[in-house]
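S.K.: Below are the C-alpha cells for one structure; questions will follow.
Residue numbers (full-length UniProt numbering): 1 to 159.
Spelled out as C-alpha cells, the structure:
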C-alpha cells in the first residue's frame, strides 16, 4: 500500500491511544422478558401484544478494519489549537483526523432515555463491591470467589 507508518516515540501518546482502545461490548439490557402474542402458548387477547427481538450486528470488526486508520504525522494539540467546528466539519475520508479525549457528563434526566444502551462505554476495573445483588448471589451459590479486580468495557451512566 506504500503507507508510511510512523513509530510512536512519545510514551504518553502511546498510552493515550492504548487507553482509548475499546473493543466490543456485549450486553443484555433486560434479563427476563415474556412475549405475549397469538403465537405464544397461554396467549391472553385482553393483554397488549409484546414481541421480543434479538438483534446482532455482524462483522463490526471487519467494518472497523476497512476504515481509514491513523498512520503518520501524529501530534498532540491543545484545546486552543483546534475548534469544535473544525472537528465537526472534517469529512470521514480526510487525510487528517482527530482522536479526542473528552470529559462527559450524563445528567440524571437522560438516564431513563439511555438506560438500555449507554452512549460511551468505559474501560474500568470491576471490583466485587460493584456487583449487583443477583451477580453476588450467583457467585455465592456456585461457590466462586470473585476476582479482586477485573477490567471490563462497561456501558454506564456515570459522570
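C-beta: ideal position from N, C-alpha, C; glycine also.
#1: Who does residue 126 pair with in a DSSP beta bridge?
#2: How big is the Cα-Cα spacing for residue 40 and residue 56?
#3: Closest by CA to residue 99, which one among 18, 49, 32?
#4: From residue 129 to residue 6, what does the alpha carbon distance come to, in whole angstroms?
#5: Looking only at DSSP bridge pairs, what is residue 50 linked to?
#6: Can you give me the C-alpha to C-alpha distance between residue 144 and residue 78, rounded to a whole angstrom?
#7: I'd like the span of the alpha helix (DSSP H) that includes residue 133, first residue to last.
#8: What do you get for residue 70, buried or exposed, if any count of 16 or more other CB atoms within 10 angstroms of its CB means buried?
#9: Taking Cβ to Cβ, would you say residue 64 is nearer than 8 angstroms to residue 52?
#10: Short of 6 angstroms in beta carbon distance, which residues of its chain neighbour residue 152, apart from the five on each side in sequence? Order them along the chain.
#11: So what's residue 157 in DSSP terms, helix, strand or just coil?
#12: Tell me whether residue 97 sits in a helix, a strand or coil according to DSSP, three-state version.
#13: Check the C-beta distance from residue 93 over to residue 60 and give it rounded, since I have them as a contact under 8 angstroms.
#14: From 11, 124, 102, pick the residue whose C-alpha is nearest to that of residue 165; which is it?
M.R.: Based on what the coordinates show:
#1: 150
#2: Cα-Cα distance, rounded: 23 angstroms.
#3: 18
#4: 43 angstroms
#5: 36
#6: 47 angstroms
#7: 133-141
#8: exposed
#9: no
#10: 126
#11: coil
#12: DSSP, read as helix, strand or coil, puts residue 97 in coil.
#13: About 20 angstroms; that fails the 8 angstroms criterion.
#14: No information on residue 165 is available, as it lies outside the stretch 1 to 159 that the chain covers here.
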